[in-house]
Amino acid sequence: MHKTETIDYIILLKGDVTLILDNEEVDLKPFDVVVQRGTNHAWVNNGDEPALLIAVLIDSNIK
Numbered sequence: 000m001h002k003t004e005t006i007d008y009i010i011l012l013k014g015d016v017t018l019i020l021d022n023e024e025v026d027l028k029p030f031d032v033v034v035q036r037g038t039n040h041a042w043v044n045n046g047d048e049p050a051l052l053i054a055v056l057i058d059s060n061i062k
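Numbering of the sequence shown is given in numbering that gives the first Met the number 0, commencing with residue 0 and proceeding in unit increments.
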């Protein structure tokens with residue numbers, strides 16, 4: 000898992016992905032949107048094909 004000092008806007012365009020957080024796991028389907036700010040997280044591709052996500056990360060100066 001990792002943590003970034005950004006605000007992340009992520010859209011799953013294709014695939015079967017799980018977002019792993021400290022206290023939960025979220026299964027995503029195409030066109031689900033994730034917004035997170037400095038969250039400890041990891042991504043898992045559950046499918047046999049590559050997943051496709053689009054992400055915009057904005058510096059948030061989290062200390």
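Where is the CB? At the ideal position from N, CA and C, for every residue including glycine.
Distance between F30 and G37, taken at the CA atoms: about 22 Å. Looking at P49, G46, H40 and E48, the one whose alpha-carbon comes closest to that of H1 is H40. Taking the Cβ atoms as the reference, A50 lies roughly 6 Å from K13, within the contact range of under 8 Å.
Under the DSSP assignment, N45 falls outside any beta strand (DSSP E); it carries neither an H nor an E label. When the five nearest sequence neighbours on each side are left out, the beta carbons in the same chain lying within less than 6 Å of the beta carbon of V34 are those of Y8, in order along the chain. If you compare the alpha carbons of V43, E4 and K28 with that of L20, the shortest gap goes to V43.
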